[in-house]
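Residues 920 to 1295 (our numbering) make up the sequence shown, in order.
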Amino acid sequence: MINRHNRLATLAAALLTLSAGVGHADDTDIYVANGTIAPSSEPMVMFSLDYRSNLGSTACQGTECASLIAEGYLPVKASYTFFDVLRAVLKKVMTPLEGVKVGLMINHDNKNNCANQVKANCSNGGYIARGFKLYELGDANGAKAEFNAILAALPVPQGNLSHKYQGKELFFEFYRYLTGQGVYNGHVGFNDFASPSNTNLNVDGPAYDWDASIENAAKTTYMTPISPLATCAKVYTTNFMFQVSSQEDDSDTEIKKTVANGGMGLTGNPTFPTVIEWLNDVDLADGAHGTVPNLEGKINVTSYFVVEPNYISTKTIAYAQAGGTGTPLPLDSDPGKLIATLQDIFRQILSVSTTFVAASVPVNVFNRAEIINNIY
């Protein structure tokens, strides 16, 4: 326990150090050790990426990227895309992290209404590109390098390379992964990334296809990342979005099935906010969901949305409210501001999940009462 306490103290200190250069002047956070965290209960943070042509927009036209270049997070070259900046920002923010499990999920393309049909000319829903892996000091297990390599391998989306953000189906696939149930749309990727339609994504894009290591030997079922020892574990998503969710209804029949039959038990016409809210309200560890054991303490999903400022609207506000975080945060083109936003998100996650209590918390994410109510 002493070693874990020291790791968390190091993590909190590292985040504070990073935020000193880009944080807000009136937003100095002081972390106080309030206890310890049980083994296997590290917070789990799943990122999702809206794979649209916006990622290919021109960036770094002034001096705003100078520090990322000087620190080696961005290579020196003639021009940069926003995807270059986003990858560099994530690398910078995550370099000091330890004691957090991080993953990545991405949408397939949407072609031919092919929910759960693994066959030629079919793409639908979303997939888990990297399951949760623990971030360790010095990247001892290579988890950070692997995450960065997947992002680096993804082509910059232009033209028909881009995919719609099918949020409802992506989060449903995430639910199946969390609860150790059958892969649903995870392997439906024959038309992804403008690839030949007669071969699947694991053939055409093995550097960024689904994570086979989180599946059983037959590659039909996910292995839940929620350990029998994961008492009080917290699960989060952080979602980068350029527009609203769309083309996401193909899996509604499965989503509306009862929990006992692998669905969410939703009725009527479930929407993306309906699915987000259900995951935020449900206890995944009550013994009723897939292979997750019945554990003490509630395990649900809290979701952050980092949205292109022009699309912070009634719809995207509804996403954040459903996910328990109140309002979307801006997906800023200025890397310094985006770094500060992501550090704020991790600061809140740590304040809830590792029993470190922030004396001052950015009001646009959580208010203090919400944080204190979640400390265990």
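Don't be surprised by glycine CBs; every beta carbon is placed ideally from N, CA and C.
Quick caveat, the model's predicted, so the values are computed rather than measured.
Taking all protein chains in view, the Cβ of Q1077 is surrounded by fewer than 16 other Cβ atoms within 10 Å, so the residue is classified as exposed. Runs of beta strand (DSSP E) with 3 or more residues, each lying fully within the region 994–1059, are found at 1019–1026, 1045–1054, listed in chain order. Beta-bridge partners of E1134 (DSSP): Y1141.
In its chain, beyond the 5 residues on either side, M1013, L1016, E1017, G1018, V1019, K1020, V1021, A1062, K1063 have a beta carbon closer than 8 Å to the beta carbon of Y1054. Straight-line spacing of the CA atoms in K1217 and G1182 works out to 19 Å. In this structure, the straight-line span from the alpha carbon of A1149 to that of F1109 is close to 36 Å.
For L1148, there is no enclosing alpha helix (DSSP H), since its DSSP letter is neither H nor E.
According to the DSSP assignment, N1158 belongs to the beta strand (DSSP E) that extends over 1154–1160. Taking the Cβ atoms as the reference, N973 lies roughly 4 Å from F1161, within the contact range of under 8 Å. A distance below 6 Å between beta-carbons, with the five flanking residues on each side excluded, links K1030 to the following residues of its chain, in chain order: S1042, N1110.
Setting aside the 5 residues that flank it on each side, T1177 is surrounded in the same chain by G1184, each with a C-beta closer than 8 Å to its C-beta; the list follows chain order. Burial state of E1196 is buried, judged by a 10 Å Cβ sphere holding 16 or more other Cβ atoms. Non-local beta-carbon contacts of L1080 in its own chain, meaning distances under 7 Å to residues more than five positions away in sequence, involve P1074, F1112, A1113 in chain order. DSSP, read as helix, strand or coil, puts F966 in strand.
Each residue's CA atom was taken as its position, placing A1071 and A1131 some 19 Å apart.
Around the beta-carbon of Q1166, 16 or more other beta-carbon atoms lie within 10 Å, marking it buried.
Closest in C-alpha terms to K1038, from the list Y1094, A997, V1107, comes V1107. When K1153, N1040, F1002 are compared, the shortest CA-CA separation from N1117 is found for N1040. T1221: member of the beta strand (DSSP E) spanning 1220–1226, first to last residue.
In this structure, I1236 is the residue among T1139, H1208, I1236, L1214 with its C-alpha nearest to the C-alpha of F1224.
Nearest in C-alpha terms to S967, of all of I1133, L993, I1047, D1168, is I1047. From the listed residues N1158, P1189, Q980, the smallest Cα separation to A997 is found for Q980. Between G1099 and T1139, the gap from beta carbon to beta carbon reaches 8 Å or more. The bridge partners DSSP lists for A978 are Y999.
Contact between I1069 and Y1096 is absent: CB atoms are separated by about 16 Å, not below the 8 Å threshold. For S976, the closest of A1207, F1066, L1005, M1142 by C-alpha to C-alpha distance is L1005. Beta-bridge annotation (DSSP): G1101 is paired with T1140. Proximity to D1200 across Q1240, E1227, P1212, L1214 peaks at Q1240, based on C-alpha coordinates. Taking R1049 as the centre and dropping the five residues before and after it, the same chain places the C-beta of G1022, L1023, E1065, F1066, I1069, D1130 closer than 7 Å to its C-beta, in chain order. Judged by DSSP in its simplified three-state form, L1203 adopts coil rather than helix or strand.
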